[in-house]
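Participant: For reference, the structure I am asking about is given below.
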Amino acid sequence: MTNPKINELEEKEFWQKVRQEFMLDPQMTFFNTGTLGAMPRRVFERTVNHLRMTAEKIAEWDYYGPDWIAGYQPWTEIREKAARLINCEVKELALTENATAGMNYISNGLDLKAGDEVLGTDQEHPGGECGWKLAAKRHGVVYHQLHLGKPIKSPEEVIETFVKAMGPKTRVIAIPHLITGSGAILPVKEICAEARRRGIFTVIDGAQTVGHIKVDVKDLGCDAYYGSFHKWLCAPAGNGFLYVRKERAPEVWTTLASAQWDNHDDDGYRLSQRGTGNLSLLMGLDEALNFHFELGPERVYARIKQLGDYLRMRLQEVPGIKIFTPLHPQMASGITIYNIEGLTGNFIQDELWKRGRLRPRSMGEVYGVRQSTHIYNSKEEIDRTIAILKEISPKRR
Ligand SMILES: Cc1ncc(COP(=O)(O)O)c(C=O)c1O
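In this note's numbering, the protein residues as written are 222 to 618.
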């Protein structure tokens, strides 16, 4: 029989070793993966070595083999790895600069006309909503942002809101898989299933998901899904992707047209065209994918969820705490948003830094701070956070 105490110890030692793979200064604690992940040393070195090689040896580039720049070639091996991560075919996956690019490729790429309706939420990141706002202003598209709770209490509440709002004019549903400002994981699968029955195009903002929670686009049943690799997957900044289901890819015009603009044999390649790009960043992405697969995606997701659940449990000891992340077990993982009655996000952010060199991110006056717990974080760091929050709470006894 396995001894749970030994397992716990082994697990702790495993994650301590993983922490050593990162270059993060040990005097500081980084809790803001929701903005940008920290790179493991091997990702950094692969990127920088390639950049150096380009600077020194560019004269060796003879155009017979692979390019020394990104943006023109299909980079099939890297796309294959990324496709494996989200469970799609390689030809369904495009490499982009970030999530914002993915969203714009869909909002610009679909032929939408005045009066066509797009449904989103009232808790979007600009990188998830502004393409639709532009389409509204430019083409008369009607963009409705449905109200969701903060915190959301159950998946049913969200499903009901969307199903009720779908009507004959609804052409697109564009929603986040995981909301940046609350950490809520939305019931995307159920919403996509209903949308598909009605022929509505679904596009999911996965900026906060890959490397954080499991993403299986076939299981979700969405038509498009985009995200960033530089947050939870810890790739260098400037790496993202766009998935478009092959059956609906012909409906998406390319936004950045270059040599492959009309290549409908490989839509992922077609939508990856962006002119000269930095291949060193793509090498870094390749290494980040290797690192993630070597650690084991399921183990990574479980660790992140465990740390997030631990933080949310311990936060409840803080007098005056207000948690905006759902406490429903299926609806949250590594992002937690909270405030303390009488305080602001900037105040909490500054005190955690001054007193403990802990770095979450302020979300402003009302919503306090967002604390992202990734594989380089630990329970001890969460304990230190809680101790400071108790000290600064105006309601402390
Ligand atoms: C939900 C969501 N969508 C889109 C974005 C934009 O991502 P990027 O800046 O990588 O394009 C973010 C960034 O935080 C986000 O959280």
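C-beta: ideal position from N, C-alpha, C; glycine also. Keep in mind the model is a prediction, meaning the values are calculated, not measured.
Which term fits Glu229, buried or exposed, when burial requires 16 or more other beta carbons within 10 angstroms of its beta carbon?
Facilitator: By the neighbour-count rule (16 or more Cβ atoms within 10 Å), Glu229 is not buried but exposed.
Participant: In the structure shown, what three-state DSSP assignment does Ser375 receive?
Facilitator: Note: Ser375 maps to coil in three-state DSSP.
Participant: In terms of residues, what are the limits of the alpha helix (DSSP H) holding Ser501?
Facilitator: Here the alpha helix (DSSP H) through Ser501 covers 500-516.
Participant: Let me know the secondary structure DSSP gives Phe265 once reduced to three states.
Facilitator: Three-state DSSP puts Phe265 in a helix.
Participant: Are there three or more Cβ pairs, one per stretch, closer than 8 Å when the stretch 529-547 is compared with the stretch 600-608?
Facilitator: Yes: the two stretches touch, three or more of their Cβ pairs being nearer than 8 Å.
Participant: Helix, strand or coil, according to DSSP, for Thr606 in the structure here?
Facilitator: Helix at Thr606.
Participant: What residues are listed by DSSP as bridge partners for Ile556?
Facilitator: According to DSSP, which records beta bridges pairwise, Ile556 is partnered with Ser593.
Participant: Which residue marks the beginning of the alpha helix (DSSP H) containing Phe235, and which one marks its end?
Facilitator: Phe235 -> alpha helix (DSSP H) spans 225-241.
Participant: When you compare only the Cα positions, how much space is there between Lys226 and Lys600?
Facilitator: So the two alpha carbons sit approximately 16 Å from each other.
Participant: Applying the criterion that 16 or more other CB atoms from any shown protein chain within 10 Å of the CB defines a buried residue, is Arg578 buried or exposed?
Facilitator: With fewer than 16 other Cβ atoms within 10 Å, it is exposed.
Participant: The beta strand (DSSP E) that contains Arg392, what's its start and end?
Facilitator: 391-397 is the span of the beta strand (DSSP E), which, as asked, contains Arg392.
Participant: Please identify the residue among Gln570, Arg419, Cys309 whose C-alpha is closest to the C-alpha of Tyr447.
Facilitator: The residue with the shortest Cα to Cα distance from Tyr447 is Cys309.
Participant: For ligand 1, is there a heavy atom less than 7 Å away from the beta-carbon of Ser449?
Facilitator: Yes, the beta carbon of Ser449 sits closer than 7 Å to at least one heavy atom of ligand 1.
Participant: Is there at least one non-hydrogen atom of ligand 1 closer than 7 Å to the beta-carbon of Ala553?
Facilitator: No; taking the cut-off as 7 Å, the Cβ of Ala553 has no heavy atom of ligand 1 nearer than that.
Participant: Let me check you understand the geometry: is the CB of Ala480 closer than 7 Å to at least one non-hydrogen atom of ligand 1?
Facilitator: No, the beta carbon of Ala480 sits no closer than 7 Å to any heavy atom of ligand 1.
Participant: How about Gly341 and Ile556: are their beta carbons less than 8 Å apart?
Facilitator: No, Cβ-Cβ distance for Gly341 and Ile556 is not below 8 Å.
Participant: What three-state label does DSSP hand Phe252 in the structure shown?
Facilitator: Phe252: coil per DSSP, three-state reduction.
Participant: Should Lys452 be labelled buried (16 or more other beta-carbon atoms within 10 Å of its own) or exposed?
Facilitator: It counts as buried.
Participant: Below 8 Å CB to CB, which residues in the same chain sit around Tyr522 once its five sequence neighbours on both sides are set aside?
Facilitator: Contacts found: His433, Ile434, Lys435, Ser554.
Participant: Would you say the beta carbon of Pro372 comes nearer than 7 Å to a heavy atom of ligand 1?
Facilitator: No, Cβ of Pro372 sits at least 7 Å from all heavy atoms of ligand 1.
Participant: With a cut-off of 8 Å on the beta carbons, I'd call Leu510 and Ala315 a contact; round off their distance for me.
Facilitator: Contact doesn't hold; Cβ gap of about 16 Å is too wide.
Participant: To the nearest angstrom, how far is the alpha carbon of Glu468 from that of Trp296?
Facilitator: Approximately 22 Å between the Cα atoms of the pair.
Participant: Can you check which of these residues, Lys238, Glu338, Val438, is closest to Cys413 by C-alpha distance?
Facilitator: It is Val438.
Participant: Going by other Cβ atoms of all chains shown within 10 Å of its Cβ, with 16 needed for buried, is Trp353 buried or exposed?
Facilitator: Per the 10 Å Cβ criterion, buried.
Participant: Within the continuous beta strand (DSSP E) that includes Ala315, where are the two ends?
Facilitator: Segment 314-317, the beta strand (DSSP E) holding Ala315.
Participant: Which word fits Ala303, buried or exposed, when buried means at least 16 other C-beta atoms lie within 10 angstroms of its C-beta?
Facilitator: The residue is buried, with at least 16 neighbouring Cβ atoms inside 10 Å.
Participant: Cβ of Leu407 within 8 Å of Cβ of Val379?
Facilitator: Yes.
Participant: Counting only runs that start and end within the stretch 294-343, where is the alpha helix (DSSP H) found for 4 or more residues in a row?
Facilitator: For the stretch 294-343, whole alpha helix (DSSP H) runs of length 4 or above, ordered along the chain, are 297-307, 320-330.
Participant: Taking Phe450 as part of the alpha helix (DSSP H), name the residues at either end of that continuous run.
Facilitator: Per DSSP, Phe450 belongs to no alpha helix (DSSP H) and is neither H nor E.
Participant: Within 10 angstroms of its Cβ, does Pro261 collect 16 or more other Cβ (buried), or is it exposed?
Facilitator: Looking at its Cβ environment, which holds 16 or more other Cβ atoms inside 10 Å, Pro261 is buried.
Participant: Does the distance from the CB of His339 to the CB of Val269 come in under 8 Å?
Facilitator: The sequence given here places Val at residue 339; His does not occur at that position. Cβ distance not < 8 Å, so Val339 and Val269 don't count as in contact.
Participant: Taking 7 Å as the line, does the beta carbon of Ala428 fall inside it for any heavy atom of ligand 1?
Facilitator: Correct: Ala428 has its Cβ closer than 7 Å to ligand 1.
Participant: Is Asp283 helix, strand or coil when you go by DSSP?
Facilitator: Of the three classes helix, strand and coil, the one that applies to Asp283 here is coil, per DSSP.
Participant: Give every residue of the same chain whose Cβ lies closer than 6 Å to the Cβ of Ile613, excluding the five residues on either side of it in the sequence, and list them in chain order.
Facilitator: Cβ within range, chain order: Glu572.
Participant: For the alpha helix (DSSP H) containing Val436, list its first residue and its last residue.
Facilitator: Careful: Val436 lies outside any alpha helix (DSSP H) and carries neither H nor E.
Participant: Does at least one heavy atom of ligand 1 sit under 7 Å from the Cβ of Pro457?
Facilitator: Answer for Pro457: no, Cβ out of range of ligand 1.
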